[in-house]
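**Q** Take this structure, written in structure tokens, and hold onto it; I'll ask about it next.
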Amino acid sequence: MLLEITNLHARVDEKEILKGLNLSIRPGEVHAIMGPNGAGKSTLSNVIAGREGYEVTDGSIRFLGRDLLALDPEVRACEGIFLGFQYPVEIPGVSNMTLLKAAVNARRKHSGENEIAPNDFLTWVREQAKKVRIDPKMLSRGVNEGFSGGEKKRNEILQMLVLQPTLMILDETDSGLDIDALKIVSDGINALRGPARSTVLVTHYQRLLDYVQPDFVHVLARGRIVRSGGPELARELEEKGYGWLEAA
Amino acid sequence: MSALSPAWADSFERLAGALPVAEQRERRARFDSFVATGFPGPADEAWHYTDLAAQADAGYRLAHFDEADDALLAATLPGSDRLVYKNGGLDRRHSTVETLDGTAAIRSTGEDGIDALNAAFATRGLVYTLAANTVAERPLQVLLQSDTGDSPAMLHQRHRISLGANAEATVLLQFVGRGGPRLLTHVIDVSLAAGAKLNLHRLSDEGDGATLVTRLDARLARDARLQVSGVSLGAGLARHRADLVIEGPGAEVHATSLQVPGAKAHADDLVRVVHAAPQGLSRIVARGIVDERAKAIFNGRVVVRPGAQKTDSEQRLAHLLLSRKAEVNAKPDLEIHADDVKCAHGATVGQLDAVALAYLRSRGIPLAEARALLLRAFATETLERLAWPALQAQIAARLDLPAADPELDEVSGDAA
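Right, dumping it as structure tokens:
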């Protein structure tokens, strides 16, 4: 198993959001998590990434056999977990290049490698930037500084391409994207698909799943997964909404 | 005011005894004024947060420069001329421009107790005069070192920079030192003729025991431009006052300040810009990073005199308070006596952006490195004003901040 979540209970500000969630992901699989607002989708993403402010009260998460909950967020990232944020933050004064270089080198240090050679780094970043159609000039600006909504999301995908994670969690990366940007983002995700790498797509809409074919679709409601199925479940949800499941 | 100990009179008589009679008379008047006024304290509004009363009986004696002991306490900057002082004496061996050492005339400015004290005791210092239409070939590093041993010591210097019309120069006044209790005062008198441009840097990084008090008085004629970039690091108490007066139309003042006082240090900056002529522009940008039990005070004051129409002034103060025991007092003041002006000001005191910190960590960057990146970003606007990249790098290293990586950004732009 690449990721194994068992009986996960988590709360934010004293409010219990996840109430006994189970999810298993094997290497190479793409899982879509759908569900109504407030069901706990973002909480799940943030708990896996180790964001502060999310308290796990029960259950476990194992990543490649390790107890993920014992690790700091930066260690989780170095171990290969990447969270694409729903609202990527702007950091004026820290350039995108600085962030990418620090992130790449942190990861290399974690796995006992030397720092990347400056030229190799630049070539690598340029190559990836081309894939998401980001002008390298934008990378000397502050992180996401003055980026449009779509550019911010593409920048998340760029970071992911540069870092080559083992587990990609994309938290509503598709929201607010026009069709061209959605295509670019999907291409970026698909480019990373491979037998050793898994993906969790948190989304409201079928739209993204037309471009990134999931192997499994789960419905998250009231803090747990209430239904799982194949890609056809997403289409069913698109037609019927979540009401029939929530009532169930 | 607490009574002054007899040590003051004793020190003064020793100094005065060696001076020509005429000068003795002037100095004595200043000394009497100091005795009458004493050290400033909280009752004086300009000294609200910095109490020097305890200085009165510290038993300071004038420091002396021993030429045999001329170890440099700071790195020299590449590509620059140098004037080096230690304990108020000129270090000829390390100076490249000895001719800039001289006696600056005493001007009757401000007159608080410290001004009078400095005027009574001041020794030689930088006297830098550039003729009209001259552009200094190299920037000038003035190293003002205190190295005083264990017993209480003091030194007082006066400096003058005077640029003729359209002259241009870059000067760094760098304060560094070590030793026991010591009182260091410096008065810097600047005058810029029409169209002159001065880039004046001040870096203070004194060690424990220092009480460093500087006062900068600058007057700007028509279309002159003054950039004052101050950086306050280190230990002890540092008080820097700048009075910058726009006397001619169209003159510009750009004042930046970066305060990062050490663990228990006290940094107090007062920047006062007076718009006495129309069409002047002033910008005050202050950044402070205040941790542990450090204290930072920044008071920006903009005065627009009657008739100074079309004044354009802005001040932005921001401090990061990183510990519960640290303290920040930041205050932007405006005093406007003209109606057609644009004056903006703002001040914030806050903590490191937790969301940005979490974002960086989520990309694998360790907490300490993520913090350093954000602190560096916070200080960037003030650091980048420093004309020497070597100085920027030196300060960044001193603060454990990552060095700028211009190559990274340049090359990323080249590819487009």
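Residue numbers (my numbering), protein chains in the order written: chain R, 1 to 248; chain Z, 1001 to 1416. The beta-carbon is built from N, C-alpha and C at its ideal position, and this holds for glycine as well.
Which chain Z residues sit within Cβ distance under 9 Å of residue 34 of chain R?
**A** Those do not exist, as residue 34 of chain R stays about 23 Å from chain Z at its closest Cβ, beyond 9 Å.
**Q** Quick one: list the residues of chain R neighbouring residue 1059 of chain Z, beta-carbon separation under 7 Å, in chain order.
**A** Within chain R, no residue comes near residue 1059 of chain Z; the closest Cβ sits about 46 Å away, beyond 7 Å.
**Q** Got a sec, what are the start and stop residues for the beta strand (DSSP E) residue 57 of chain R sits in?
**A** 54-63
**Q** Using 10 angstroms around the beta-carbon of residue 118 of chain R, count the other beta-carbons present and answer buried if the total reaches 16, otherwise exposed.
**A** exposed
**Q** If we count the other Cβ atoms within 10 Å of its Cβ and call it buried at 16 or more, is residue 169 of chain R buried or exposed?
**A** Counting Cβ neighbours within 10 Å, residue 169 of chain R comes out buried, since at least 16 surround it.
**Q** Less than 8 Å between the beta carbons of residue 1139 of chain Z and residue 1388 of chain Z, yes or no?
**A** Their beta carbons are under 8 Å apart, which means residue 1139 of chain Z touches residue 1388 of chain Z by this criterion.
**Q** Taking the Cβ atom as the reference point for each residue, do residue 208 of chain R and residue 201 of chain R lie within a distance shorter than 8 Å?
**A** Their beta carbons are under 8 Å apart, which means residue 208 of chain R touches residue 201 of chain R by this criterion.
**Q** Is there a Cβ of chain R sitting closer than 8 Å to that of residue 1378 of chain Z, yes or no?
**A** yes
**Q** Alpha carbon to alpha carbon, what distance is there between residue 1403 of chain Z and residue 1325 of chain Z?
**A** 28 Å
**Q** With the cut-off set at 8 Å, would you say residue 1357 of chain Z and residue 1375 of chain Z are in Cβ contact?
**A** no
**Q** Cβ of residue 1258 of chain Z less than 8 Å from any chain R Cβ?
**A** Interface flag for residue 1258 of chain Z against chain R is unset, since no Cβ pair is found closer than 8 Å.
**Q** From residue 197 of chain R to residue 1255 of chain Z, what distance separates their C-alpha atoms?
**A** 53 Å
**Q** Counting only beta-carbon atoms, is residue 1290 of chain Z nearer than 8 Å to chain R?
**A** no
**Q** At what residues does the alpha helix (DSSP H) containing residue 1014 of chain Z begin and finish?
**A** It spans 1006-1017 - the alpha helix (DSSP H) in which residue 1014 of chain Z sits, taken as one unbroken run.
**Q** How would you list, in chain order, the residues of chain R whose beta-carbon sits under 8 Å from the beta-carbon of residue 1355 of chain Z?
**A** 89
**Q** Residues in the same chain with beta-carbon distance under 7 Å from residue 1044 of chain Z, minus the five sequence neighbours each way, listed in chain order, please.
**A** 1112
**Q** With residue 1167 of chain Z and residue 1135 of chain Z assumed to form a contact (beta carbons below 8 Å), what rounded beta-carbon distance in angstroms separates them?
**A** 7 Å
**Q** Are residue 194 of chain R and residue 28 of chain R touching if we call contact CB-CB under 8 Å?
**A** Yes, they are a contact pair.
**Q** Round the Cβ separation of residue 1269 of chain Z and residue 1259 of chain Z to the nearest angstrom and send it over; I've been treating them as touching at under 8 Å.
**A** The Cβ separation is near 6 Å, so the contact holds.
**Q** Looking at the secondary structure, which residues open and close the beta strand (DSSP E) in which residue 1342 of chain Z lies?
**A** 1342-1350
**Q** Can you grab the Cα-Cα spacing for the pair residue 1338 of chain Z / residue 1220 of chain Z, in whole Å?
**A** 19 Å
**Q** To the nearest angstrom, how far is it from the Cα of residue 1098 of chain Z to the Cα of residue 1125 of chain Z?
**A** Across the structure, residue 1098 of chain Z and residue 1125 of chain Z are spaced so that their CA atoms are roughly 10 Å apart.
**Q** Quick one: list the residues of chain R neighbouring residue 972 of chain Z, beta-carbon separation under 9 Å, in chain order.
**A** Only positions 1001 to 1416 of chain Z appear in this structure, which leaves residue 972 of chain Z out of reach.
**Q** Can the beta-carbon of residue 1225 of chain Z be found less than 8 Å from the beta-carbon of residue 1197 of chain Z?
**A** yes
**Q** Which residue comes first and which comes last in the beta strand (DSSP E) that contains residue 1297 of chain Z?
**A** 1295-1304
**Q** Enumerate in chain order the residues of its own chain whose CB-to-CB distance from residue 8 of chain R is below 6 Å, with the five nearest sequence positions on each side excluded.
**A** 18, 21, 59
**Q** With a threshold of 8 Å between beta-carbons, can residue 1358 of chain Z be considered close to chain R, or not?
**A** yes
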